[in-house]
Every structure is written in C-alpha cells, then in structure tokens.
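There are 2 protein chains.
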Amino acid sequence: MLGTLRAYITTRANKDRMSLFRYLVPLTTILLICCSKQHSAILYASSFSLIAYLAANWMIPKVGNAFIKIGLFGKDMSKPGKPVIPESVGAISAGVYILVMLLCIPFMFYKYMVTATSGGGYRDISIVEGSEQPTNFFPHAKLSEYLSSVLCLESTILLGVADDLFDLRWRHKFFLPAIGAIPLLIVYYVDFGATHVLVPGFLQNFVQIPLIDLGGLYYVYMGAMTIFCPNAINILAGVNGLEVGQSIVLSLLALTNDGIYLTLGHPNTWENHRFSAMLILPFLWVSMALYNWNRWPAKVFVGDTYCYFAGMVFAVVGILGHFSKTMLLLFLPQIINFLYSVPQLFHIVPCPRHRLPHFNEKDGLLYPSRANLQETPAKGFFIPILKLLNFFKLIDLEYDNKGQLINCTNMTLINLTLVWFGPRREDKLCRLILRIQFGVGILALIARHALGKLLFGHDNLWTID
Amino acid sequence: MLGTLRAYITTRANKDRMSLFRYLVPLTTILLICCSKQHSAILYASSFSLIAYLAANWMIPKVGNAFIKIGLFGKDMSKPGKPVIPESVGAISAGVYILVMLLCIPFMFYKYMVTATSGGGYRDISIVEGSEQPTNFFPHAKLSEYLSSVLCLESTILLGVADDLFDLRWRHKFFLPAIGAIPLLIVYYVDFGATHVLVPGFLQNFVQIPLIDLGGLYYVYMGAMTIFCPNAINILAGVNGLEVGQSIVLSLLALTNDGIYLTLGHPNTWENHRFSAMLILPFLWVSMALYNWNRWPAKVFVGDTYCYFAGMVFAVVGILGHFSKTMLLLFLPQIINFLYSVPQLFHIVPCPRHRLPHFNEKDGLLYPSRANLQETPAKGFFIPILKLLNFFKLIDLEYDNKGQLINCTNMTLINLTLVWFGPRREDKLCRLILRIQFGVGILALIARHALGKLLFGHDNLWTID
C-alpha cells in the first residue's frame with residue numbers, strides 16, 4: 029500500500045516529463061508551415077487544427093458521464109482498485125476531426141472557386157471551350173480526393189461506433205474497412221492508376237525488367253492496407269496513452285517525411301505531401317487533445333472508434349499521397365507486433381482473453397502477463413521455436429522443477445518490452461514504447477531515402493521517375 | 029379486454045390490405061427502368077436496391093436483441109400492456125444503404141473507367157492534351173456529386189446515432205446537418221452555381237425583371253432545407269409505420285416526378301433525374317424492408333437515425349437534382365404539420381412531453397390527445413385564434429359547464445386527422461394519413477407542372493430556360 033502511494037506521488041512530480049509531445053507537436057506544425065512552399069492550405073489546416081484541439085480538449089472531460097450513463101465504460105485494470113472510467117471517448121476526437129474537415133472545404137477550395145467564376149451554370153465547361161490554362165478551372169479531381177478521404181474516414185468511424193456498441197464479431201467486421209475504402213480506390217484508379225512497383229537494382233540483373241505491373245493485385249494490396257492499419261493500432265493497446273501516443277508518433281513521422289519532401293523534394297511531389305499534411309495536421313491535434321485525458325493516469329479510454337479511425341487516416345494518406353510503402357515502413361513496430369502476436373492469434377500458443385501486462389498492486393509496477401501452458405499446451409511443433417525465442421530473449425519461459433514448461437509471456441510488443449527492460453510503472457512503459465517507436469520510425473525514414481537510392485539507383489526525393 | 033382481442037383478430041385478417049406498397053414499390057421500380065433512356069445506371073441501382081432490401085429485411089429482426097441489450101428500446105404506448113420493442117433499428121437500413129451505395133460506385137462509373145484508360149498516370153490529363161471529345165475523360169464532377177451525397181448522408185447518420193444514444197439537445201444539434209451539407213453546397217456552387225429564381229409572369233409586370241438573383245441567400249436557403257427535411261420527418265411520427273411510410277410515399281412521388289422527366293422532359297434534364305432515381309431507389313427498398321418490421325403491430329421502432337437520414341436523402345436529391353422547390357412541394361404535408369405545430373413548439377399553447385394520440389385499451393382505438401389548458405393556459409392573444417381554428421374544425425376544444433376552456437387537441441397532423449375522421453385503429457390511421465399524403469403529393473406534382481406553365485409562361489418539363 030505504501031509502495032502504491034509512493035509510486036503515485038513520484039508520478040505527480042514526474043508528470044511534466046510525460047508532456048514531451050507538448051513541445052514536439054507545435055514545433056512540427058510550425059516547421060511544416062515554414063517549409064511548405066505554398067502556405068495557404070497548410071496554414072488553413074493548422075488554424076483549423078488549433079480550433080479542433082481546443083474543441084476536443086474542452087468536450088472530452090464534459091462527455092464522460094453521458095458515456096458512462098449509456099454503458100460505455102471500462103475498468104482500468106492497471107490501477108489500484110480498478111476504477112471505472114468512460115470508454116470510447118475517442119469518438120469525440122474523431123467527430124471533431126470530421127466536423128473540422130467539412131468546415132475546411134470552402135477555405136481550401138476558395139481560391140479556385142473565385143478564379144473559376146466565369147458566370148453561373150456548369151463552370152468546368154470553360155475548359156472545353158478552349159481556354160488553354162488548366163489552372164483556370166475547378167480542380168474536381170482534388171475535390172474528389174478530399175471527399176473520398178473524408179467519406180472513407182466517416183465510414184470507418186461508423187464501423188468503429190458499431191463495434192464499440194455491439195462488439196462485432198471478427199467475421200462480420202473484417203472486410204468492412206475495405207468497402208469503406210472503395211471511393212478511395214476509385215479515385216486512385218481514375219487519377220493515378222499506377223500499379224507498378226520498382227524492382228531493386230540488384231534483382232534487375234536476374235529478372236531483366238525494371239518495373240513489375242501488379243495490376244489488380246495492387247488494388248488488393250491497397251484494400252488490405254485499409255484493413256491492416258486500423259487493426260494494427262487496435263492491437264498495440266492496453267497501456268494508458270499508448271493508442272493515442274503511437275498515433276501521435278506516427279503523425280509526427282509522417283509529417284517529418286512530408287516536410288522533407290516539401291523542402292528538398294521535386295515540385296511534382298509537393299501536392300501529394302501538402303495533401304498528406306492537410307489530412308494529418310488536424311488529426312495530430314485532435315489526438316493531442318485526447319492524449320491529454322487518456323495519458324497516465326487515464327481519465328478516459330479511447331475505444332475502437334478512435335483506433336480504427338487513426339489507422340484509416342494513415343491508410344488514406346498513404347494511398348492518396350502515393351507513399352503507401354513508406355507509410356507501411358512507419359508501421360514497422362505495429363507490423364512486428366502483429367507478426368509476433370500471430371502464434372497466439374491463431375491459437376498455436378494458447379491465448380488468454382486479455383494479454384495486458386499484469387499490474388502488481390504492491391509496488392505499482394507492471395509485469396509481463398503470462399499464458400498458462402500447463403492447462404492448454406502449445407502445439408508440439410512450436411515448442412522448439414518457443415525455446416529458440418527464449419534463447420534470444422524474445423520471450424520468457426518458466427519451467428517447474430521437473431523441467432516441464434509452465435507458462436510463457438504473452439506475445440505482444442508491450443510484454444516483450446517488459447521482458448527486455450524489466451517491470452516498469454505504466455507511464456514509463458508507455459513512454460519507453462513510444463520512444464522505441466519514434467527511433468525505429470526515424471531510422472526507417474533514413475533507410476528509406478538512403479537505401480532507396482542504393483537499391484533502385486535513385487530515390488523519388490532526389491530524382492523523379 | 030374482449031374488444032382488444034377482437035381488434036387484434038380483425039387486424040390479422042386485414043393485414044394484407046396494409047401491403048399496398050408491396051405492389052406499388054416494385055411497379056414504380058420497373059416503370060422507372062423502362063422509361064429511363066439510358067438503362068445501365070438505373071438497372072444497377074435497381075439490382076443493388078434488391079440486394080439492399082434482402083440484406084436489410086434479413087438483418088432487422090436479427091439485431092433486435094442486441095439493440096435492447098445496450099439500452100436501445102422503447103415502449104409502444106398504443107398497444108395493450110405497452111410492450112418493449114427495440115428502438116433505433118432504422119440505423120440498420122441506413123447502414124445497408126451506405127454499404128450498397130459504396131459498392132455501387134465501381135459499377136456506376138465502370139464505363140467511364142474503361143473508356144478513359146489512355147494508360148497510367150493522371151488520366152484526366154487527356155482533356156488538356158487536346159482531345160476534342162468531352163465524353164472521353166472521367167466525369168470528375170459526377171463523382172464529386174456522388175461522393176458529396178454519400179458523405180452528407182453519412183454525416184447525417186452519425187448525427188442521428190449520436191442523437192439516438194445521447195438524446196442531444198436542440199441547441200447542440202440544430203445546425204449540424206447544415207455542416208454535413210457543406211460538401212454538397214460546394215459541389216452545387218462549383219457545378220451549377222445557379223442562384224436565380226424565376227419571377228411569376230403576373231408579378232413581372234410590377235417588378236419588371238424576369239429573374240431575381242438570391243446569391244448567398246440561395247445557399248442559406250439550401251442549408252435551411254438540409255435542416256428542415258430531416259426534422260420534418262422526425263416530427264410527423266408516433267404511429268407505427270408512419271415515419272417509414274411517409275418516406276416511402278415521398279420516394280414514390282419523387283420517382284414519379286423523375287419518371288415524368290425521363291419520359292417527357294428535355295434531354296438536358298435527364299442526367300439530374302437519373303441521379304435522383306439512383307439515390308432514391310436503394311433508399312426506397314431499404315425503407316420497404318424496415319416498413320415490413322415497423323408497420324402495425326410494430327416489431328421495431330425506427331429511431332432518429334432513420335428519420336434524419338430519410339429527410340436528408342430528399343434534401344440531397346432536391347439540391348443536386350435541381351428541383352429543391354418541387355421537392356419542398358412534395359413535403360407539403362410535413363410543412364403543414366410543422367406550421368400547425370408551431371404554436372405548441374414555441375409554447376404559445378402548452379406542449380405536453382408527448383403528443384401521441386391517446387390509446388384506449390377498451391376499444392383498441394386511438395383518440396386525439398389533448399393539452400391541458402387549465403394548468404397552463406394558452407397565451408391570451410392566441411385564444412381567439414384557437415376558437416377560430418375550432419370553428420373551422422382545425423382543432424377540437426373542450427369547455428367545462430362554466431364555459432371555461434379545459435383543453436385542446438394537440439396540434440399535430442395525426443391528431444387533426446383523428447379530429448376529422450374520428451377515432452381509428454392505429455394501422456388504419458397510418459394508412460389514412462399516408463393516403464392523404466400521397467393524394468396531396470400527386471396534386472402538388474400536377475399543380476407544379478400545370479401551374480408552372482401558367483405562372484412562369486413555361487415549365488422546364490416542356491421547355492428549358
């Protein structure tokens with residue numbers, strides 16, 4: 029009891045150390061405004077982001093009781109006494125984001141709407157009538173991109189709300205995000221239609237072709253991405269602030285990538301990366317508002333709605349911004365977490381209902397949670413692999429004194445972090461994971477632009493194919 | 029008790045009389061397919077409508093328990109014993125509609141996607157490169173229209189879900205539909221931008237101008253329409269099947285109007301009315317599925333989500349199909365209901381919490397419900413008006429033997445129907461109101477096309493301005 033109390037007091041003192049984001053988020057926003065060549069769109073997005081932040085930050089604490097009243101609440105398992113706090117409050121952030129994106133449209137397209145006024149009636153008719161300047165008509169393709177993005181995000185939110193309310197089954201909800209992404213893929217098909225992937229230089233010697241056209245498969249790949257990203261964020265969860273925190277880190281990384289292109293990249297790439305920044309900036313700020321209330325000790329839980337929504341923001345930006353492969357690179361920690369989880373997800377190793385780290389009330393620390401291998405043993409062929417993982421410290425096995433396997437730590441990145449770095453308090457664990465994620469992301473970005481040049485002979489940051 | 033039982037038995041026998049829609053809905057669909065000049069879009073919409081109908085009709089009875097479990101249920105006040113049935117189930121119809129509209133996109137735009145394949149990369153670039161045929165590039169404006177419509181409907185559904193869950197306050201939700209309609213208004217501005225209204229011929233002699241440009245006011249008018257339509261359907265409610273029934277009648281009327289234009293109208297108008305039919309057909313069929321379960325005796329309630337969604341479908345179609353004024357004409361019964369309700373909505377006459385007709389368990393009939401004028405009397409200046417309304421049989425007043433006003437019937441179209449035609453059983457009342465609505469709608473359509481010619485010197489059905 030004394031230990032718990034001490035842990036709590038120490039936190040209060042350490043609390044401001046958690047708010048590294050407080051400096052990083054505004055800094056990134058300002059840097060991005062500075063380095064964007066054409067300021068207006070990014071400026072609009074930034075100002076609306078600020079409004080969105082204030083609105084979400086004001087609303088989230090107010091709605092808690094209403095959420096609890098209709099049964100949307102959960103127990104915080106990693107706190108003394110397991111307090112009940114409102115669940116699914118991330119829906120507020122998502123809702124504010126959508127409202128702001130809708131309010132943004134007239135501002136984003138204002139300059140086109142003014143220059144395109146050649147009188148009433150069908151305005152894009154001017155292009156057919158022979159005016160040679162393609163800047164002089166309304167960019168319908170841009171509007172379609174924007175609308176399909178918001179539409180896809182709204183569909184994802186609806187799915188998330190349904191899941192939060194009804195706990196949908198996997199087989200019912202699995203393909204739904206891909207249906208929500210249909211408008212996106214149509215716009216991609218119509219506007220770009222590029223389904224080629226580059227073959228790395230060293231492989232070109234063997235296959236003798238520089239490009240492979242994946243055709244329809246490329247659309248399957250993009251559809252799969254819209255299914256993967258939302259779920260990836262949803263399964264790297266269970267520690268206060270981690271769902272939002274990882275989304276903020278992903279946003280910062282994606283914005284860094286955008287900033288690099290807007291500064292050093294070819295002008296052809298600017299439009300895509302401005303589009304990406306326009307979509308991510310408001311998301312970053314509504315997430316920041318949510319993080320204020322979801323970080324340790326959490327006052328609210330974010331819920332499935334936010335996780336799906338967050339994942340879909342990155343899928344949309346990756347697809348329509350034409351850097352879906354770079355985006356997947358930024359999802360490396362989530363991909364590793366998913367692959368690492370596969371043995372339990374497919375029940376090769378028994379999977380308990382919850383795989384959250386175990387909270388020890390005595391010292392207030394989190395310990396890796398464990399799957400019981402005595403009640404339901406792991407599949408026989410997998411036991412040597414478990415031992416191999418144990419050898420490389422990628423899992424922790426416990427034996428009884430007869431040398432029989434008792435249990436193994438649950439196979440999630442969170443538990444693995446605890447295996448590596450020892451038991452930690454929840455906030456420190458979250459911070460550690462976010463730092464690892466940020467580090468991996470920065471390395472991935474460097475690798476992508478350095479190795480890209482090495483592997484393919486060129487990189488689209490420096491030369492455009 | 030015996031009376032109730034008898035009423036129930038009679039219904040069972042009469043049940044198939046309720047299903048006039050069973051013939052009208054498929055008939056209208058087939059007629060529309062026949063009279064549409066270019067079949068493909070309407071055919072796709074019809075086939076997807078059928079799928080939507082089957083899906084919704086299959087799902088609605090299955091989800092009832094899940095809805096009740098999370099607290100979405102209501103008491104049916106006009107049945108013996110006030111049974112509890114699931115509430116907000118119309119959200120299923122709305123969800124199925126959105127899914128189908130998304131799945132529809134590739135089919136709707138398939139022919140453009142095939143003809144426009146001049147290779148990868150930016151495909152609409154072909155138009156800039158000088159090809160003279162404007163049919164040879166992708167119709168981005170059409171896609172924007174379609175996407176903005178679905179987006180607007182999804183926003184409305186999200187608002188409806190929030191209202192069903194949290195019972196939002198008027199001041200919080202009032203302007204939200206107009207924000208959801210921003211994409212719609214942008215697309216309207218860009219593609220059409222017509223903000224003129226015709227001045228009727230007999231007035232032209234006085235004002236000397238044939239057209240008045242409303243400018244920005246026209247957008248305010250359209251925004252107001254997106255607020256009015258959803259709420260209009262929501263307040264003409266309270267009898268089993270009425271919310272869905274009136275939406276089905278509105279759909280049939282709008283489709284009739286589309287059919288007239290597609291048969292007799294100028295080719296310029298075909299595209300708009302095909303667009304309208306494409307949006308309304310799936311709506312009609314998902315509503316039909318809902319009607320199967322919501323009609324007397326109701327197994328489910330529809331909820332705010334469906335009412336808002338239904339109203340917004342008509343607002344969207346009216347605005348982007350360019351017949352918002354005709355659409356408002358079809359809303360005449362709802363407008364009258366709203367105007368008739370105003371004295372109670374603004375508390376000039378006291379407004380009880382529920383204004384549903386009063387159910388008499390003894391004879392199983394509905395009687396007009398009444399507002400008590402003794403506890404809280406009506407505003408003094410309005411009492412002569414009440415007496416005038418009473419004189420014209422537009423309300424029913426009750427006096428005590430001293431000649432003091434005791435109460436008046438609640439001011440809704442439903443109660444007024446009961447005042448006019450006497451107490452009825454719920455299903456007969458609903459059918460009666462729907463028939464009146466259908467009759468008024470047909471008269472309105474005739475008036476619009478006959479008087480339109482008379483008032484303005486021409487009608488866009490026969491000659492295009």
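Taken in order, these protein sequences are the chains called E and Z. Just remember that my numbering sits 28 ahead of the position in the first sequence, which is counted from 1. Just remember that my numbering sits 28 ahead of the position in the second sequence, which is counted from 1. Glycine included, each C-beta is placed from N, C-alpha and C at the ideal position.
E:Asn435 is bridged by DSSP to E:Asn400 and E:Glu426. Sequence-distant Cβ neighbours of E:Ser275 in its own chain, meaning closer than 7 Å and more than five residues away, are Ile261, Ser315 and Ala338. Sorting E:Gly102, E:Pro380 and E:His386 by C-alpha distance to the C-alpha of E:Pro405 places E:Pro380 at the top. Contact between the region 349 to 368 of chain Z and the region 322 to 338 of chain Z is absent, with fewer than three C-beta pairs closer than 8 Å.
Contacts between E:Ile214 and chain Z, judged by CB atoms closer than 7 Å, involve Ile133, Pro134 and Phe137 in chain order. Secondary structure of Z:Ile376 (DSSP, three-state): coil. Taking the Cα positions, E:Arg452 is about 19 Å away from E:Leu425. Note on geometry: alpha-carbon atoms of Z:Leu307 and Z:Tyr140 lie some 19 Å from one another. Beta-bridge pairing by DSSP links E:Tyr395 to E:His386.
Between E:Ile126 and E:Ile185, the C-beta spacing is below 8 Å. Under the 8 Å criterion on CB atoms, Z:Gly243 is classed as non-interfacial with respect to chain E. In the structure shown, the three-state DSSP call for Z:Leu281 is helix. Relative to Z:Ala80, the option among Z:Ala69, Z:Cys132, Z:Thr284 and Z:Ala206 whose CA is nearest is Z:Cys132.
Residue range Phe101 to Lys103 is occupied by the beta strand (DSSP E) that includes Z:Phe101. Within chain Z, the C-beta atoms nearer than 7 Å to that of E:Pro211 come from Leu130, Ile133 and Leu175, in chain order.
Under the DSSP definition of a beta bridge, Z:Val225 partners with Z:Ile240. Along the region 49 to 83 of chain E, there is no position whose C-beta sits under 7 Å from a C-beta of chain Z. In the DSSP assignment, E:Ile113 is bridged to E:Gly102. With a cutoff of 8 Å on beta-carbon distance, Z:Val345 and Z:Ala282 are scored as near each other. E:Ser64: not part of any alpha helix (DSSP H); DSSP gives it neither H nor E. Assignment of E:Arg453 by DSSP, reduced to helix, strand and coil, places it in the coil class. In chain Z, no part has a C-beta under 7 Å from the C-beta of E:Ala317; the shortest such distance is about 18 Å.
Here Z:Thr437 is not near Z:Arg463, since their CB atoms are 8 Å or more apart.
Going by beta carbons, E:Pro205 and E:Ile255 fall inside the 8 Å limit.
A residue is called buried when at least 16 other Cβ atoms come within 10 angstroms of its Cβ; Z:Arg459 meets this threshold and is buried. Bounds of any alpha helix (DSSP H) do not take in E:Asn268, whose DSSP letter is neither H nor E.
At a cut-off of 8 Å between beta carbons, Z:Glu271 makes no contact with chain E. Going by C-alpha positions, Z:Tyr289 is about 47 Å away from E:Gly118. Taken in chain order, the members of the region 185 to 201 of chain Z whose beta-carbon sits within less than 8 Å of a beta-carbon on chain E are Ile185, Leu186, Val189, Ala190, Leu193 and Phe194.
With a cutoff of 8 Å on beta-carbon distance, Z:Phe166 and E:Val218 are scored as near each other. By the criterion of a C-beta distance shorter than 7 Å, E:Gly273 is surrounded in its chain by Tyr319, Cys458 and Leu462, once the five residues flanking it on both sides are discounted.
Of the candidates Z:Pro108, Z:Met129, Z:Tyr174 and Z:Ala478, Z:Tyr174 places its Cα closest to the Cα of Z:Glu299.
A direct Cα-Cα distance of roughly 16 Å separates E:Phe387 from E:Val112. For E:Val218, a Cβ of chain Z is located within less than 8 Å of the residue's own Cβ. With contacts defined by Cβ atoms closer than 8 Å, Z:Ile423 and Z:Leu414 form a contacting pair. Between the alpha carbons of Z:Leu264 and Z:Ala252 lies a gap of roughly 18 Å.
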